[in-house]
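Asks:
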Amino acid sequence: MQSETRVPTMWDLLFPVLDAVRRLGGTASNAQIDEAVIASERYSKAQLETVGSNGRELIPYRMAWARSYLKKAGLLESTERAVWTVTEKGNAIGNDEMLQLVKAVSDRSRGEEVQKGRSVSIVTVPDDSVDNVEQLAEYLSRWHRLVGESLLDQLLRQPPEFLERVIVDLLSAMGYSGSDGWSKTLGGRSDGGVDGVVIEDQLGMRKLYCQAKRYAKSRPIGPGDIRDFIGALDIKRRHEGVFVTTSRFTDEARQAAELSSKHISLIDGQYLSELMLRCDIAVASHSFVFKQADPEYFN
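Count the sequence shown with my numbering and you get residues 3 to 301, in order.
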């Protein structure tokens, strides 16, 4: 029985799909195969309802790819549209041997594409992920992590007041300045222990103060920094504030913020880079349309 939360990969589904065709007398339609696999593997409702980035339910979609790869490996053949027949080789092969064969066929197909002079991007992903849409999603996720690390590196090379401007821009992009509000940096010797403020209304009645520390990863924020910020908020007569750093917060610093009577939001370097990407701060966005062959259409 499968885990109730983990959605099976295409590799997980290869043998169940092949075995389903065997059990159905050697020939079966897409719908019959899907029904037989779902019944035998007893997937949970959550698993069956999980939808991929292409808007389709993942398990049926991955079973379609499993049939396609089994066909490439010579274990299934499509006798008519949406109908599959197990081959002599498919009847005799075991699970381990089948996996090795399908992987070999997959690797060989990629190699042939390169020999034909076609542009092929090799994306390093775990062996249990072969779906092209998911490979692209994994690649983009890794790319965004690299961009996030680059953003932090560049922030560390800028003067401290640059980070203050980034934080004010970020809070405004997140909607804290409202539709009629405004924001500004307050850095300098007379900043009163805060580096920026977001004004949420035209009259300046609602204000959100922030503190920004441009520290290297090796220099974390401690509880003393948090207490200093709390004191600054006392002077400003405010109960809420945002403390941002390119570094990280120690456990004691987080505890100091949690135990305070004020509401202090902590944003460390990793979360800061994620928010900058999400709110398009200091990044450029590019749109692409990704297309791929639909195995269901050809069967």
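Heads up, the beta-carbon is just placed ideally off N, CA and C, and yes, glycines get one too.
Hey, quick one: how far does the beta strand (DSSP E) through K209 stretch, first residue to last?
Replies: Here residue 209 is taken as the residue at index 207 of the sequence shown, counted from 1. Where K209 is concerned, the enclosing beta strand (DSSP E) stretches over 209 to 215.
Asks: Going residue by residue through the stretch 254 to 287, where are the continuous alpha helix (DSSP H) segments of at least 4 residues, counting only ones entirely within it?
Replies: Within the stretch 254 to 287, the complete alpha helix (DSSP H) runs of at least 4 residues are 271 to 280.
Asks: Express the C-alpha separation of L26 and A33 in angstroms, rounding to a whole number.
Replies: In the sequence shown, the residue the question calls residue 33 occupies position 31. In the sequence shown, the residue the question calls residue 26 occupies position 24. Those two C-alpha atoms are separated by around 12 Å.
Asks: In the structure shown, what three-state DSSP assignment does V246 receive?
Replies: Here residue 246 refers to the residue found at position 244 of the sequence shown. Three-state result, V246: strand.
Asks: Keeping to the same chain, check which residues put their C-beta closer than 7 Å to that of E242; ignore five residues upstream and five downstream.
Replies: Walking along the sequence shown from the start, residue 242 turns up at place 240. Result list for E242: L210, K264, H265, in chain order.
Asks: Under 7 Å: does the beta carbon of A175 sit that close to some heavy atom of the ligand GTP?
Replies: The ligand content of the structure shown is nil, which means the ligand GTP is not present either.
Asks: Straight-line CA distance for P161 to R64?
Replies: For the purposes of this step, residue 161 is taken as residue 159 along the sequence shown, with counting starting at 1. For the purposes of this step, residue 64 is taken as residue 62 along the sequence shown, with counting starting at 1. Approximately 50 Å between the Cα atoms of the pair.
Asks: Quick check: the Cα distance between A66 and S143, rounded to an integer number of angstroms?
Replies: Your numbering for residue 66 matches position 64 in the sequence shown. Your numbering for residue 143 matches position 141 in the sequence shown. Spanning the two alpha carbons is a distance of roughly 25 Å.
Asks: Check the C-beta distance from T252 over to I223 and give it rounded, since I have them as a contact under 8 Å.
Replies: In the sequence shown, the residue the question calls residue 252 occupies position 250. In the sequence shown, the residue the question calls residue 223 occupies position 221. Indeed, because the Cβ distance is near 7 Å, the residues count as touching under 8 Å.
Asks: On the criterion of 16 or more Cβ atoms from any shown chain inside 10 Å, does K73 qualify as buried, or is it exposed?
Replies: The residue given as residue 73 occupies position 71 in the sequence shown. Classification for K73: buried.
Asks: Between P62 and the rest of its own chain, which residues show a CB-CB distance below 8 Å, the 5 nearest in sequence each way excluded?
Replies: Locating residue 62 in the sequence shown gives position 60, where the first residue counts as 1. Here the set comprises D36.
Asks: To which residues of the same chain is S329 closer than 6 Å at the C-beta, ignoring the five residues directly before and after it?
Replies: Any property of residue 329 remains undetermined from this structure, which presents the chain solely from 3 to 301.
Asks: Tell me which residues share the same chain as D171 and place their Cβ nearer than 7 Å to its Cβ, disregarding the 5 neighbours each side in the sequence.
Replies: Within the sequence shown, residue 171 is the residue found at index 169, counting from 1. Counting only Cβ-Cβ distances below 7 Å, and skipping sequence neighbours, we find I283.
Asks: Let me check understanding here. Comparing Cα to Cα, which of E254, G198, L165 lies closest to A234?
Replies: As a working mapping, residue 234 is identified with position 232 in the sequence shown. Comparing alpha-carbon positions, the option among E254, G198, L165 lying closest to A234 turns out to be G198.
Asks: What first and last residue would you give for the alpha helix (DSSP H) that runs through I169?
Replies: The count along the sequence shown starts at 1 and reaches residue 169 at position 167. That run of the alpha helix (DSSP H) goes 162 to 175.
Asks: Ignore the nearest five residues each way along the sequence and tell me which others in E82's own chain have a CB closer than 6 Å to its CB.
Replies: Within the sequence shown, numbered from 1, the residue matching residue 82 stands at position 80. Answer for E82: no residue qualifies.
Asks: I need the boundaries of the alpha helix (DSSP H) containing G226, first residue and last residue.
Replies: Working through the sequence shown from its first residue, we reach residue 226 at position 224. Taken as a continuous stretch (DSSP letters only), the alpha helix (DSSP H) holding G226 covers 225 to 238.
Asks: Which residue marks the beginning of the beta strand (DSSP E) containing A75, and which one marks its end?
Replies: For the purposes of this step, residue 75 is taken as the residue at position 73 of the sequence shown. Counting along the chain, A75 falls outside any beta strand (DSSP E), and DSSP gives it neither H nor E.
Asks: By DSSP's criteria, F251 is part of a beta bridge. Which residues make up the other side?
Replies: Against the sequence shown, residue 251 aligns to sequence position 249. DSSP output for F251 lists I223 as bridge partner(s).
Asks: Pick helix, strand or coil for S192, following the three-state DSSP scheme.
Replies: On the sequence shown, residue 192 is found 190 positions in, with the first residue counted as 1. Because the pLDDT at S192 is just 44, under 50, the model does not fix this residue reliably, and the point stays unresolved.
Asks: Going by the DSSP bridge assignment, what does W86 pair with across the sheet?
Replies: Looking up residue 86 in the sequence shown gives position 84. In DSSP, W86 forms a bridge with A30, S80.
Asks: Grouping DSSP H, G and I as helix and E and B as strand, with all else coil, what is V9?
Replies: On the sequence shown, position 7 is the one that residue 9 refers to. In this structure, V9 counts as coil in the three-state DSSP scheme.
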